[in-house]
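Enquirer: Have a look at this one before I ask anything.
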Ligand SMILES: [Zn+2]
Ligand SMILES: [Zn+2]
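Residue numbers (full-length UniProt numbering): 1 to 251.
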């Protein structure tokens, strides 16, 4: 099941709570959420946009087994009142911040009223939200999409003129990329574990490092960190350069 719920940032700081903890224990009420349901969160005024995509990790929690989150409530009384009833745990999957998911765009694409209580999503509105949430991961793609849509609205003549006058060398821009930093201690321990022998082909390292004359082996994550693999000794294998290349390219 896929849900749309709403959040009021004047009452609770969802943004900070998610970035500090990665999940929020959310009032369940009488809604029949199930584990692994997807929940999109629409943030009310002044934002009026869908900002978060979450997965239901737990249902039927109560005040004894939820995260204590008083600091994120604007009014302490609201916090106390919030403790009644049952809760679901919403794990944040992705954030978005795009005009394509604001109230006006959602209305054009099938939303009847500004979201309040939990609403099941389906059909065209769901496809619209899914697609635009996906595309907006990358602000660059969103910007490009808007520009392409604009260009499609031009006449052939107008577009041709723009193309003729455009510089032939593409603009170069700077983008931010997130990478995972692996632990140097895991790498060191894995190298010690291998003791100069490739853990795949069991042959000694083909040469030594120039710098310190230690055997040249590389530490490879069996499940990539980017795919959710753990930075642990059991998820790494120490390889000679040949086996490492094979592992990545299969030749
Ligand atoms: Zn090898
Ligand atoms: Zn590797």
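Idealized CB from N, CA, C, for every residue including glycine.
All values derive from a computational prediction rather than experimental measurement.
(1) For the stretch 189–203 against the stretch 232–246, do three or more pairs of beta-carbon atoms, one drawn from each stretch, fall closer than 8 Å, so that the two count as touching?
(2) Would you please state the rounded distance, in angstroms, between the beta carbons of residue 52 and residue 41? I believe it to be under 8 Å.
(3) Between 170, 226 and 232, which has its C-alpha nearest residue 190's C-alpha?
(4) Is the shortest distance between the beta-carbon of residue 129 and the beta-carbons of chain C less than 8 Å?
(5) Quick check on DSSP: helix, strand or coil for residue 197?
(6) I'd like to confirm something about residue 54: is its beta-carbon nearer than 7 Å to some heavy atom of ligand 1, or not?
(7) Pick from 167, 23 and 187: whose alpha carbon is nearest that of residue 94?
(8) Could you check where the alpha helix (DSSP H) with residue 162 kicks off and where it finishes?
(9) Would you call residue 174 buried or exposed, if buried means 16 or more other Cβ atoms sit within 10 Å of its Cβ?
(10) Taking a contact to mean a Cβ-Cβ separation below 8 Å, would you say residue 11 touches residue 74 in this structure?
(11) Excluding the five sequence neighbours on either side, which residues of its own chain have a C-beta within less than 8 Å of the C-beta of residue 62, listed in chain order?
(12) For residue 126 versus residue 2, is the C-beta spacing smaller than 8 Å?
(13) Starting from residue 242, follow the alpha helix (DSSP H) in both directions and report where the run begins and ends.
(14) Within 8 Å, do at least three Cβ pairs link the stretch 208–225 to the stretch 160–175?
(15) What residues in its chain sit with their C-beta under 7 Å from that of residue 91, if we drop five residues either side in the sequence?
(16) Straight-line CA distance for residue 70 to residue 79?
(17) If we call anything under 8 Å between Cβ atoms a contact, is residue 194 one with residue 217?
(18) Rounded to a whole number of angstroms, what is the C-alpha to C-alpha distance between residue 204 and residue 179?
(19) With respect to 7 Å, is the separation between the Cβ of residue 239 and the closest non-hydrogen atom of ligand 1 below this value?
(20) Does the Cβ of residue 132 have 16 or more other Cβ atoms within 10 Å, making it buried, or fewer, making it exposed?
(21) What residues are listed by DSSP as bridge partners for residue 221?
(22) If you reduce the DSSP assignment to three classes, tell me which class residue 191 lands in.
Expert: By the coordinates alone:
(1) The stretch 189–203, when compared against the stretch 232–246, does touch it at the 8 Å Cβ threshold.
(2) Yes, they are in contact, since the Cβ atoms of residue 52 and residue 41 sit about 4 Å apart, within 8 Å.
(3) Taking only the C-alpha atoms, the option nearest residue 190 is 232.
(4) Protein chain content of the structure displayed is limited to a single chain, and chain C is not contained in it.
(5) Strand, per DSSP.
(6) The beta carbon of residue 54 sits no closer than 7 Å to any heavy atom of ligand 1.
(7) For the residues 167, 23 and 187, the minimum Cα distance to residue 94 belongs to 23.
(8) Unbroken alpha helix (DSSP H) run through residue 162: 156–165.
(9) Exposed, by the Cβ-count rule.
(10) Against a cut-off of 8 Å, the Cβ pair of residue 74 and residue 11 comes out as a contact.
(11) Sequence-distant partners of residue 62 (beyond 5 residues in either direction) whose C-beta falls short of 8 Å from its own C-beta, in its chain, are 85, 86 and 87.
(12) Yes; because the gap between Cβ atoms is below 8 Å, this pair is in contact.
(13) DSSP places residue 242 in the uninterrupted alpha helix (DSSP H) bounded by 241–249.
(14) In short, these stretches do not touch, since the Cβ pair count stays below three.
(15) Within the same chain, 22, 23, 54, 55 and 57 come within 7 Å of residue 91 by CB-CB distance, once the 5 residues on both sides are set aside.
(16) Here the C-alpha atom of residue 70 lies approximately 6 Å from the C-alpha atom of residue 79.
(17) Yes, Cβ-Cβ distance for residue 194 and residue 217 is below 8 Å.
(18) Each residue's Cα considered, the two are about 31 Å apart.
(19) Yes, the Cβ of residue 239 comes within 7 Å of a heavy atom of ligand 1.
(20) In this structure residue 132 is buried. Its beta-carbon is surrounded by 16 or more other beta-carbon atoms within 10 angstroms.
(21) Residue pairing by DSSP places residue 221 opposite 236 in a beta bridge.
(22) Correct three-state label for residue 191: helix.
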